[in-house]
Amino acid sequence: MDLGFIITNAIVLSCIYGTLAIGISITWSSVGLINLAYGFIFAFAGYGAWYAAQFLSENGAVVLAAGILSGAFAGIVVCALAFIPIHDKPNFNVRGLIATLAISLIGTQGLMWWFGPRSKNLPDIFGSWSVMLGDMALTADKIGNVVTSIAFVAAVVLWMRSSRRGLEIRAMMMNPHAASIVGIGVRSTGFYVMAITGGMAGLAAVLLSQTYYISPFGGLTPMIKGVSIALCGGLGSVQGAVIAAVILGFNEAITSVTLGGQYVLITQFILIIAILLVRPRGIAGILDRAREA
Amino acid sequence: MSERAAVLRVKGLSAGYGPMRVLHDLDLVVHAGERLGIVGLNGHGKSTLFYAIAGLTGWQRGSILLNGVEVGRTRSQGPGRYTHEVVRQGLALIPQGDEIFHGLTVEEHLDSGAFTPRAWKERAQRKARVLEIFPPLHKLMRTPVGRLSGGERRMVSIGRGLMAEAALFLVDEPSLGLAPKIGKGVMDALMGVDLGQSAMVIAEQNVSLLEGRVDRIIGMHVGKLKGEAGASMTLHTVREL
Amino acid sequence: MANFWRNPLFGWGVDRAEDSQPTLPHRPPQEPWDETRQSKVEMFPVGRPRLYYKWPGHGGWTWNRKRYWPTRRRLLNIRGEYNPKTMRREKTIVDKRPLWWVMALSFMVIAPWLMPEDYQTTLLTAGATFAIYAAINLVWMLVIGTAGIYSLATYAVVGAAGFGTAWLSINLGVPWYVLPFIGSAIGLVFGLIIAIPATRLDGFYYALLTLGLNELCRVYALQSKIFGSSTGGLYGADTYISEHWDDATQSLVAYFACLTLMVLALVLFRFVNGKRIGRVLRMAPEKREAFAEATGVNFRQARIMVFVVSSIALGFIGGFYTAHYRGVSFSIFSFDTVLLGVAMLVIGGIGRAEGAVAGAAIVIFLDKALLSLGPIRLIIIGAIMLGVVLFLRGGLFGIKPQFRAWRDKKKSERRSTRAEKGGEMLPEEATETRDKDLIYWRRYDKMQRDYLKKLVSPEVIEEHRKSPLGQHSEALERLLLYFRRAPLSDKYAIIAVEPFKAYRIVALSGQRGVAPRIVEDRIYASQEEAYHGIFMRRVQDLLES
Numbered sequence: 191m192d193l194g195f196i197i198t199n200a201i202v203l204s205c206i207y208g209t210l211a212i213g214i215s216i217t218w219s220s221v222g223l224i225n226l227a228y229g230f231i232f233a234f235a236g237y238g239a240w241y242a243a244q245f246l247s248e249n250g251a252v253v254l255a256a257g258i259l260s261g262a263f264a265g266i267v268v269c270a271l272a273f274i275p276i277h278d279k280p281n282f283n284v285r286g287l288i289a290t291l292a293i294s295l296i297g298t299q300g301l302m303w304w305f306g307p308r309s310k311n312l313p314d315i316f317g318s319w320s321v322m323l324g325d326m327a328l329t330a331d332k333i334g335n336v337v338t339s340i341a342f343v344a345a346v347v348l349w350m351r352s353s354r355r356g357l358e359i360r361a362m363m364m365n366p367h368a369a370s371i372v373g374i375g376v377r378s379t380g381f382y383v384m385a386i387t388g389g390m391a392g393l394a395a396v397l398l399s400q401t402y403y404i405s406p407f408g409g410l411t412p413m414i415k416g417v418s419i420a421l422c423g424g425l426g427s428v429q430g431a432v433i434a435a436v437i438l439g440f441n442e443a444i445t446s447v448t449l450g451g452q453y454v455l456i457t458q459f460i461l462i463i464a465i466l467l468v469r470p471r472g473i474a475g476i477l478d479r480a481r482e483a
Numbered sequence: 008m009s010e011r012a013a014v015l016r017v018k019g020l021s022a023g024y025g026p027m028r029v030l031h032d033l034d035l036v037v038h039a040g041e042r043l044g045i046v047g048l049n050g051h052g053k054s055t056l057f058y059a060i061a062g063l064t065g066w067q068r069g070s071i072l073l074n075g076v077e078v079g080r081t082r083s084q085g086p087g088r089y090t091h092e093v094v095r096q097g098l099a100l101i102p103q104g105d106e107i108f109h110g111l112t113v114e115e116h117l118d119s120g121a122f123t124p125r126a127w128k129e130r131a132q133r134k135a136r137v138l139e140i141f142p143p144l145h146k147l148m149r150t151p152v153g154r155l156s157g158g159e160r161r162m163v164s165i166g167r168g169l170m171a172e173a174a175l176f177l178v179d180e181p182s183l184g185l186a187p188k189i190g191k192g193v194m195d196a197l198m199g200v201d202l203g204q205s206a207m208v209i210a211e212q213n214v215s216l217l218e219g220r221v222d223r224i225i226g227m228h229v230g231k232l233k234g235e236a237g238a239s240m241t242l243h244t245v246r247e248l
Numbered sequence: 035m036a037n038f039w040r041n042p043l044f045g046w047g048v049d050r051a052e053d054s055q056p057t058l059p060h061r062p063p064q065e066p067w068d069e070t071r072q073s074k075v076e077m078f079p080v081g082r083p084r085l086y087y088k089w090p091g092h093g094g095w096t097w098n099r100k101r102y103w104p105t106r107r108r109l110l111n112i113r114g115e116y117n118p119k120t121m122r123r124e125k126t127i128v129d130k131r132p133l134w135w136v137m138a139l140s141f142m143v144i145a146p147w148l149m150p151e152d153y154q155t156t157l158l159t160a161g162a163t164f165a166i167y168a169a170i171n172l173v174w175m176l177v178i179g180t181a182g183i184y185s186l187a188t189y190a191v192v193g194a195a196g197f198g199t200a201w202l203s204i205n206l207g208v209p210w211y212v213l214p215f216i217g218s219a220i221g222l223v224f225g226l227i228i229a230i231p232a233t234r235l236d237g238f239y240y241a242l243l244t245l246g247l248n249e250l251c252r253v254y255a256l257q258s259k260i261f262g263s264s265t266g267g268l269y270g271a272d273t274y275i276s277e278h279w280d281d282a283t284q285s286l287v288a289y290f291a292c293l294t295l296m297v298l299a300l301v302l303f304r305f306v307n308g309k310r311i312g313r314v315l316r317m318a319p320e321k322r323e324a325f326a327e328a329t330g331v332n333f334r335q336a337r338i339m340v341f342v343v344s345s346i347a348l349g350f351i352g353g354f355y356t357a358h359y360r361g362v363s364f365s366i367f368s369f370d371t372v373l374l375g376v377a378m379l380v381i382g383g384i385g386r387a388e389g390a391v392a393g394a395a396i397v398i399f400l401d402k403a404l405l406s407l408g409p410i411r412l413i414i415i416g417a418i419m420l421g422v423v424l425f426l427r428g429g430l431f432g433i434k435p436q437f438r439a440w441r442d443k444k445k446s447e448r449r450s451t452r453a454e455k456g457g458e459m460l461p462e463e464a465t466e467t468r469d470k471d472l473i474y475w476r477r478y479d480k481m482q483r484d485y486l487k488k489l490v491s492p493e494v495i496e497e498h499r500k501s502p503l504g505q506h507s508e509a510l511e512r513l514l515l516y517f518r519r520a521p522l523s524d525k526y527a528i529i530a531v532e533p534f535k536a537y538r539i540v541a542l543s544g545q546r547g548v549a550p551r552i553v554e555d556r557i558y559a560s561q562e563e564a565y566h567g568i569f570m571r572r573v574q575d576l577l578e579s
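Protein chains in written order, with our numbering: chain A, 191 to 483; chain B, 8 to 248; chain C, 35 to 579.
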């Protein structure tokens, strides 16, 4: 347990959880849905990737693609069930939240029923080489995790900044009513958003399965971490989520060095509560304010 | 009588929100190249008429032909669900107040007005055209819209509407909430738009802003159009002038 | 067509009088009358059906208003009224919920004696579980429904109190009757800690945070040795169920104890939600807090108070939980427990006591009765929850108002399809109008206009153009008489811009001191032309109406 190991670990985990957090953040701010079925999407994508590894090929790219695609598929399913029928009904926010909770209940129990409670693991998708940096070894999965998640998130953010669809999504983030006046189909945009964020969850699932296993309820902890990061960064803000992921990652590293592993969650929540007490809408919760205005 | 095609033909339109009925069996024809004013007090259904054409009311029934395509339908829920399809048919709604995207810059904002694929391709030319109408926006292209003043926001909002490749522009209360001078400027700009084969309908409370500058004025009173007979007759009288 | 009207004044050499004018053949005004009287439309039921049973009134008894201590409420909210048709006294029970509550609770009390002997223990255990969950739900409903704080940490509070009291009971030998009160103290401390972020955060931020807190409790309890991480829970606390009783008595006592707990929770719900603090909070719903604050409602304080009170109550339930089950297991912190709890609230309907209880009954029944199905029963519960949330606005108990709203909407939509033009009152409008004369006046007016519309023809217009004033043919005379009788507001008039040269048409405001408004820009060269202009406008208005 040396410091370098813990710091690299923290960086890897914060990259993965950051991906999840950005997914949750984008979902909330553009379609107004708190997606608590994210854990289910995560687990579903993990099983999708497992299937691909089992029956298709153990090639890293294939497994990764399968995870992303099945995550996107699960995202579309959640959208079709929890967003499309009620997005223009009164009390959508609360009802959407509860609908995603229900989907999460159904989905995880369904996975449990289908696959059984035994967890599965995925093959190493980045190979098993390592690089020595000074006196610490950077293994392939760490480098691969960091590079892949940053590249994916960067690609999504860039796409949202420059393309027509991205402008659509951002417009909907800010004012859904005006967006429909301008000619943006709220429902189709909802599908795009949920597919992309689902893909993010899928990516995170595959990457995290390099360290942990895939199980029906395995999505819960990552989701709660992702939610905490999104909260801390401010729902709806990508930059905020990135900053929060870094802060919380280092908090995790420092806590486990100084206090011990079981206190990680406690310090994390104390930190989040402290940040939220100072800025109730997270580190950069400015966009969210605009949405409610 | 007019040989020009009707851009908008509304027949027997009723619309409302929940149990409330705002529009009562309303007929309206707007011809190509025409500027039409709709005058009426607050709460008499001007905005609802526009929203109904865009499919944004709680429920509606009756026929709405936009460029000969039926866009109205008997609908009892889902306000805004089909709005983007109506917009694709060539509607540009410039809504009351500032329905703007606070975080986008003026430029992105103008882009967002051109969502139909064709308009998106030629958005550079369109932007240039809008800037000709609203020169003050030149300097502000990179500013987030949330930081603009009320008059500038209205310019952006109208500019966004003009970006679209629309056959029908619906302008809702362009002078509302603005200083009289700025309101007049906005109205001048609207009058300066070259319509070509499209048409423009302006809803306004202040008759004096419209008088003598639009082709005809229709009054609106408790959900019904008033003070004008069928369009053909009026066109006739207007031409006599 | 060759119908001419002979001017009787012609022979008298009146100025500009012409011998004869082409005009319409006479049409009897009887036609529109007969047409209106004919029944050609489908008859729709009008007004509202009577949805309440009306009890016959009996004199002075109606006015007797017994109040029950300590509130100033009446046992039943009864409205006395007169039947508008028969003028008889009648009474309506406005709120029947007390009756339902009495029936349901008395059923729960006598239920143990109605159960089949073989299943009695199982059913009583299930009943006890139901009552505990219903109590938790009722208190949770106070937090979510009344205070509007979306807290998902309810089971965390219950679990914390449960674990705390269990530990104290095992290690220090605290007797069972103290446990709920120690639990309350733990709940108070816990509630105060969780309440700190609730002062600043709103809505979903808080929901997500409390979800995290729940997870924190689970992970912490799982990892700590003193809370029995190896045994899956903490067991062996003191209990109120004596070992010396036989099985039947044990389960019966447990059942009634839990039922008492539920009734206590109901009383708490009633006293928080139905009193001043509940009213205050109902004035400050989500997103309208700023307005409530501006009217002087201190909703923050009220919210925190409700939150702390319910945390104490949850702690109490947690202590009772320990005393009931002799301990707590980790599963109380698990995400599935939270999900099932949310399912109970949602299925019943958020914000109602009956919803909390009925939701608990449904979910516990599915959970216990279909135990053999394994995970599928949770899938079924999830599906019900999803269905309820997608289709119902306020859970099962919100069906009635939702149905009414839907019916009202449909009604007004249907009305819009069958509305005839022309200003006649719509049936629904007519039932609501106080002045019934107005209905007939409007109908008469419509018939008259229908008739007059048929009189408008090019000949008549031409005749008017030739001489706006003077003697006219019958058709024109009828039209003019109708126009002249128009009400003063918005009546057209002529204004002389320059006498004998320029005239304009204006519309009178109908109010003293308010100037008429200009109707059109057109300038007429002579008074006659202006008269004709007005006539044309009125004809247009008539044809359009």
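Ideal Cβ positions, reconstructed from N, Cα and C, are used throughout, including at glycine.
What residue range is occupied by the uninterrupted beta strand (DSSP E) comprising residue i?
| i | result |
| --- | --- |
| Phe38/C | Phe38 to Arg40 |
| Ser260/A | Run containing Ser260/A: none in the beta strand (DSSP E); it sits in the alpha helix (DSSP H), Gly250 to Val268. |
| Ile539/C | Ala536 to Ala541 |
Would you say residue i faces chain A, with C-beta separation under 8 angstroms as the test?
| i | result |
| --- | --- |
| Gly87/B | yes |
| Arg337/C | no |
For residue i, would you say it is in contact with chain B, using Cβ-to-Cβ distances shorter than 8 angstroms as the test?
| i | result |
| --- | --- |
| Glu532/C | no |
| Leu271/A | no |
| Val376/A | yes |
| Ala200/A | no |
| Ala368/A | yes |
| Glu496/C | no |
| Arg354/A | yes |
| Ala136/A | The structure shown does not extend to residue 136/A, since chain A is modelled only from 191 to 483, so the question has no answer here. |
For residue i, which residues from the same chain have a beta carbon less than 6 angstroms from its beta carbon, with the 5 sequence-adjacent residues on both sides left out?
| i | result |
| --- | --- |
| Ala162/C | Ala288, Tyr289 and Cys292 |
| Ala390/C | Asn171, Leu172, Met175 and Gly382 |
| Ala12/B | Ala39 |
My assumption, with CB atoms under 8 angstroms, is that residue i sits in contact with residue j. Please give the rounded CB distance.
| i | j | result |
| --- | --- | --- |
| Tyr207/A | Pro412/A | 7 angstroms |
| Ile140/B | Val200/B | 7 angstroms |
| Lys191/B | Leu216/B | 7 angstroms |
| Ala211/A | Ala434/A | 7 angstroms |
| Val396/A | Leu254/A | 5 angstroms |
| Gly349/C | Ser185/C | 14 angstroms between Cβ atoms; not a contact. |
Can you tell me where the alpha helix (DSSP H) with residue i in it begins and where it stops?
| i | result |
| --- | --- |
| Phe333/C | Phe333 to Tyr359 |
| Trp201/C | Thr188 to Leu206 |
| Phe176/B | It is not in any alpha helix (DSSP H) - Phe176/B instead sits in the beta strand (DSSP E) that spans Leu175 to Asp179. |
| Asp479/C | Lys470 to Leu489 |
| Ala160/C | Gln154 to Met175 |
Kindly list the residues whose CB is nearer than 8 angstroms to the CB of residue i, restricted to its own chain and excluding five residues on each side of it in sequence; keep chain order.
| i | result |
| --- | --- |
| Val540/C | Tyr526, Ala527, Ile528, Ile529, Pro550, Arg551, Ile552 and Val553 |
Comparing the C-beta of residue i with each C-beta of chain C, is any distance below 8 angstroms?
| i | result |
| --- | --- |
| Asn441/A | no |
Taking 7 angstroms as the limit between beta carbons, can you name the residues of its chain near residue i, skipping five residues before and five after?
| i | result |
| --- | --- |
| Tyr269/C | Arg360 and Gly361 |
Taking the CB atoms as reference points, tell me whether residue i and residue j lie closer together than 8 angstroms.
| i | j | result |
| --- | --- | --- |
| Met194/B | Ser182/B | yes |
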